[in-house]
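Residue numbers for the sequence shown follow my numbering, beginning at 410 and rising by one.
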Amino acid sequence: MLVASGTMIGSVDEPEPVLSDDPIERRCAVRETRIRIHQARFRGRVVPAYPEQCAIWRLKEVRLLEAAHIVGDIEEAGEPIVSNGLALCSIHHRAYDQDLVGVSPDYDVCVSPRLLEDEDGPMLDLLKTFDRQPIYVPRRAEWKPDRERLASRFDRFLTRNAV
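Structure below.
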């Protein structure tokens, strides 16, 4: 039987399909990439503004914290300023960027209905507990997330989730 490299063989109904024994060829390519040089400075200001913890679940492992833009970096209002950022752990940052988690202009977490209805284990169960809970916000007024930017971003979250 001929099978293309990387093709799975076996019944689709099998819980663990049998993988082809074809070896995986290691290959590399050179890619030209646009790098946002200001990103490190943005992170260096946003993360300490949130006492080095995730705004959603208070995780304090700095190596897992990132500075998420409320309004995207490529948009005109997406300035690299603390009030346009949230300190989030990497999983919450990804969920925020994918509109699986939103933050309202009132600083409340909103978990997408899709995730709330899903049953996928303890990690998701924990995330669900933060639905409608307030995020941590910095103490200094000028560092708090900008409510207008949050409103704009939250509208996108609501639209994409048809809430």
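In this text, a Cβ means the ideal position worked out from N, Cα and C, and glycines have one as well. Source: prediction; values computed, not measured.
- The Cβ atoms of Asp517 and Arg541 lie closer than 9 Å to each other.
- Here the alpha carbon of Ala464 sits roughly 11 Å from the alpha carbon of Lys553.
- Counting along the chain, the unbroken alpha helix (DSSP H) around His501 starts and ends at Ser499 to Asp506.
- Taking a cut-off of 8 Å for Cβ pairs, the stretch 432 to 444 and the stretch 457 to 477 do not touch, as fewer than three such pairs fall below it.
- When the alpha-carbon of Cys519 is set against those of Gly530, Ala504, Met532 and Gly481, the nearest one is in Ala504.
- The Cβ neighbour count for Cys498, taken over all protein chains shown within 10 Å, is at least 16; the residue is labelled buried.
- By the neighbour-count criterion, in which a residue is buried when 16 or more other Cβ atoms sit within 10 angstroms of its Cβ, Ala476 is buried.
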